[in-house]
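K.L.:
For the sequence shown, this note's numbering begins at 1 and goes up steadily by one. We put the CB at the ideal spot given by N, CA and C, even for glycine. Structure below; questions to follow.
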Amino acid sequence: MVNWMDPVVITRTSKVFGSFSLVLTGVACWDVLSNIWFDYQIITGKRKFKWPMIIYWVARISMLLHIFAITINRNALSEVPCTELTFMSKFCDAVGTCCSGLILALRTRAVWHRDWKVSLLMLVLFLGQIGMWAQTFRFSTARWNPQRMLCDVLSTAPAAMLVSIFAYTMVFDLIILILCTYRLLTHKSSTLGHVLLRDGIGYFCFVFGANLIQTVFAGLHYNPVMNIMCLPFALVVSVIAATTVFRNVFTAYDAFDEGYTSSTGRSTGLGALRTGARIQFWNSRAQTTTVQQATTNEIPLGDYKDPNTISIHRVVDVEVQGATSTDRKPVSFDAYSPWSNLTDPCSFE
């Protein structure tokens with residue numbers, strides 16, 4: 001039977017933790033660099049800025065700061081300020097995890113067409129998550145060990161608290177998954193609905209697994225190092241999954257698809273290959289459209305917003321390639337459709 005509190009065992013697990021943190025640093029940096037094109041388009045103004053992008057950036061920055069603090073802490077070449085690094089890693093862990101949940105909570109609210117009951121539920125769950133994470137700051141302490149050349153973890157939050165926090169996070173993610181899945185299954189023929197459903201299920205599976213591993217380690221309570229060994233892993237997985245969902249939804253009906261030309265405001269048809277078949281509306285006087293691929297009946301309703309409780313209808317002509325003028329029929333689209341918000345990938349509110 002291994003004595004996990006033996007100093008030799010703790011030293012060995014600390015070395016493993018240090019190596020593991022280096023791997024996670026590489027994964028986090030790779031994700032940021034491989035998707036820097038998205039940030040570049042926002043900064044240069046090529047992509048319209050929306051306030052949820054602030055949450056997106058905060059989550060990614062928190063992930064990097066957390067993993068850098070852990071890596072420096074576990075692989076230092078000389079004495080480092082252990083107290084400051086420990087607080088920094090803990091604070092960024094809390095901020096990154098909460099921002100990841102907030103990204104999906106806002107998307108769930110949009111899926112439900114800003115329903116006040118769903119909005120209130122998401123708000124209560126999010127505030128509860130913040131409150132639980134805030135309780136952990138006062139427990140974590142570390143001290144520089146000149147023999148081992150690292151910051152010794154002297155204490156962490158109680159095992160019961162760590163288990164409660166990650167169990168709460170998993171329940172939060174599960175509620176988001178259930179609400180989104182229930183709503184999206186009724187619109188699964190939609191391209192955007194398919195993207196949200198696919199990414200939502202994928203997000204939940206990855207994050208649930210990462211948080212479950214950390215919950216098990218915290219529950220076993222072998223030693224202070226083992227208690228937090230999977231904390232950075234859970235954060236990196238959560239942030240990467242949540243921000244991937246964010247970008248995918250943003251680009252699902254993005255005017256920056258390959259086929260879009262800003263001079264005409266029209267699509268050349270190449271962009272449709274990226275997000276599936278859809279009917280695209282052009283804001284011309286004739287208000288005519290062309291079906292890029294006649295495989296679905298999906299029509300984005302981004303121009304038909306719901307002003308409070310008033311239902312607005314617009315009749316447009318839909319011209320299918322190959323059809324004669326006598327085949328055209330006026331089609332009425334209801335602005336009160338639950339998809340009126342989702343067709344705008346920036347619609348988080």
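From this set, 82, 211, 119, 138, which residue's C-alpha is nearest residue 150's C-alpha?
P.N.:
Indexing the sequence shown from 1 puts residue 150 at position 150. Among 82, 211, 119, 138, the Cα nearest to that of residue 150 is on 82.
K.L.:
If you count every other CB in all the chains shown that lies within 10 Å of the CB of residue 37, and 16 or more means buried, which is it?
P.N.:
Here residue 37 corresponds to residue number 37 of the sequence shown, with the count starting at 1. Looking at its Cβ environment, which holds fewer than 16 other Cβ atoms inside 10 Å, residue 37 is exposed.
K.L.:
With the cut-off set at 8 Å, would you say residue 214 and residue 197 are in Cβ contact?
P.N.:
Numbered from its first residue, the sequence shown carries residue 214 at position 214. Numbered from its first residue, the sequence shown carries residue 197 at position 197. Cβ atoms of residue 214 and residue 197: not closer than 8 Å.
K.L.:
So what does DSSP say about residue 327, is it helix, strand or coil?
P.N.:
One-based indexing of the sequence shown puts residue 327 at position 327. Here the model assigns residue 327 a pLDDT of 47, short of 50, so the residue's position is not dependable and the matter cannot be decided.
K.L.:
Where does the unbroken alpha helix (DSSP H) through residue 74 begin, and where does it stop?
P.N.:
In the sequence shown, counting from the first residue as 1, residue 74 sits at position 74. Element bounds for residue 74: 52-74.
K.L.:
Would you mind stating whether residue 97 and residue 235 have Cβ atoms separated by less than 8 Å?
P.N.:
Counting from 1 along the sequence shown, the entry for residue 97 is found at position 97. Counting from 1 along the sequence shown, the entry for residue 235 is found at position 235. Cβ atoms of residue 97 and residue 235: closer than 8 Å.
K.L.:
Where does the unbroken beta strand (DSSP E) through residue 227 begin, and where does it stop?
P.N.:
The count along the sequence shown starts at 1 and reaches residue 227 at position 227. That residue, residue 227, is in no beta strand (DSSP E); its alpha helix (DSSP H) goes 224-228.
K.L.:
List the DSSP bridge partners of residue 141.
P.N.:
Reading the sequence shown from its first residue, position 141 is the one you call residue 141. Beta-bridge pairing links residue 141 to 155.
K.L.:
Spatial neighbours of residue 247 within its chain, please: C-beta separation below 7 Å, excluding the five flanking residues on both sides.
P.N.:
Counting from 1 along the sequence shown, the entry for residue 247 is found at position 247. For residue 247, where only same-chain residues beyond five positions count, the Cβ hits under 7 Å are 35, 38.
K.L.:
Taking the alpha-carbon positions, what's the residue 90 to residue 12 distance?
P.N.:
What you label residue 90 is simply residue 90 of the sequence shown in a count that begins at 1. What you label residue 12 is simply residue 12 of the sequence shown in a count that begins at 1. Roughly 23 Å between the two C-alpha positions.
K.L.:
DSSP puts residue 150 in a beta bridge; with which residues?
P.N.:
Your numbering for residue 150 matches position 150 in the sequence shown. 145, per the DSSP bridge assignment.
K.L.:
With distances taken Cα to Cα, identify the nearest neighbour of residue 87 among 56, 127, 143, 166.
P.N.:
Residue mapping note: residue 87 aligns to position 87 of the sequence shown, counting from 1. Closest option to residue 87, Cα to Cα, is 143.
K.L.:
Tell me which residues share the same chain as residue 80 and place their Cβ nearer than 8 Å to its Cβ, disregarding the 5 neighbours each side in the sequence.
P.N.:
Translated into the one-based positions of the sequence shown, residue 80 becomes position 80. Counting only Cβ-Cβ distances below 8 Å, and skipping sequence neighbours, we find 72, 73, 144, 151.
K.L.:
With distances taken Cα to Cα, identify the nearest neighbour of residue 57 among 43, 229, 165, 209.
P.N.:
In the sequence shown, counting from the first residue as 1, residue 57 sits at position 57. The candidate whose alpha carbon is nearest that of residue 57 is 43.
K.L.:
Between the beta-carbon of residue 237 and the beta-carbon of residue 217, is there less than 8 Å?
P.N.:
Counting from one through the sequence shown, the residue named residue 237 turns up at place 237. Counting from one through the sequence shown, the residue named residue 217 turns up at place 217. For residue 237 and residue 217, no; Cβs fall outside 8 Å.
K.L.:
Measuring alpha carbon to alpha carbon, tell me which of 107, 223, 245 ends up nearest residue 9.
P.N.:
Against the sequence shown, residue 9 aligns to sequence position 9. Closest by alpha carbon: 223.
K.L.:
Three-state secondary structure (DSSP) at residue 114?
P.N.:
Taking the first residue of the sequence shown as position 1, residue 114 is located at position 114. DSSP places residue 114 in coil when its eight states are reduced to three.
K.L.:
For residue 112 and residue 239, what's the separation of their Cα atoms in angstroms?
P.N.:
Counted from its first residue, the sequence shown places residue 112 at position 112. Counted from its first residue, the sequence shown places residue 239 at position 239. Their Cα atoms are separated by approximately 23 Å.
K.L.:
Assign residue 114 to one of two classes, buried (16 or more other C-beta atoms within 10 Å of its C-beta) or exposed (fewer than that).
P.N.:
Along the sequence shown, one-based indexing puts residue 114 at 114. Classification of residue 114: exposed, given that the 10 Å Cβ count is below 16.
K.L.:
I'd like the list of long-range same chain contacts for residue 7, defined as Cβ closer than 7 Å, with 5 residues on each side in sequence excluded.
P.N.:
What you label residue 7 is simply residue 7 of the sequence shown in a count that begins at 1. Counting only Cβ-Cβ distances below 7 Å, and skipping sequence neighbours, we find nothing.
K.L.:
Measure the Cβ-Cβ separation of residue 155 and residue 132 and say whether it is below 8 Å.
P.N.:
Taking the first residue of the sequence shown as 1, we reach residue 155 at position 155. Taking the first residue of the sequence shown as 1, we reach residue 132 at position 132. No, the Cβ-Cβ distance between residue 155 and residue 132 is not below 8 Å.
K.L.:
How is residue 212 classed by DSSP in three states: helix, strand or coil?
P.N.:
Numbered from its first residue, the sequence shown carries residue 212 at position 212. Reduced to three states, the DSSP call for residue 212 is helix.
K.L.:
Would you mind giving the Cβ-Cβ distance between residue 211 and residue 169, rounded to the nearest angstrom? I have them listed as a contact below 8 Å.
P.N.:
By 1-based counting over the sequence shown, the position of residue 211 is 211. By 1-based counting over the sequence shown, the position of residue 169 is 169. Yes, they are in contact, since the Cβ atoms of residue 211 and residue 169 sit about 5 Å apart, within 8 Å.
K.L.:
Would residue 146 be called buried (16 or more neighbouring beta carbons within 10 Å of its own) or exposed?
P.N.:
As a working mapping, residue 146 is identified with position 146 in the sequence shown. With fewer than 16 Cβ atoms within 10 Å of its Cβ, residue 146 is classed as exposed.
K.L.:
Which ranges would you report for the beta strand (DSSP E) in the stretch 4-54 if only whole runs of at least 3 residues count?
P.N.:
Counting whole runs of 3 or more residues, the stretch 4-54 contains no beta strand (DSSP E) stretch at all.
K.L.:
Looking at residue 186: is its Cβ nearer than 8 Å to the Cβ of residue 200?
P.N.:
Position 186 of the sequence shown holds residue 186. Position 200 of the sequence shown holds residue 200. Contact: no.
K.L.:
By alpha-carbon positions, which one of 45, 203, 93, 68 ends up nearest to residue 22?
P.N.:
Indexing the sequence shown from 1 puts residue 22 at position 22. The shortest Cα separation from residue 22 among 45, 203, 93, 68 belongs to 68.
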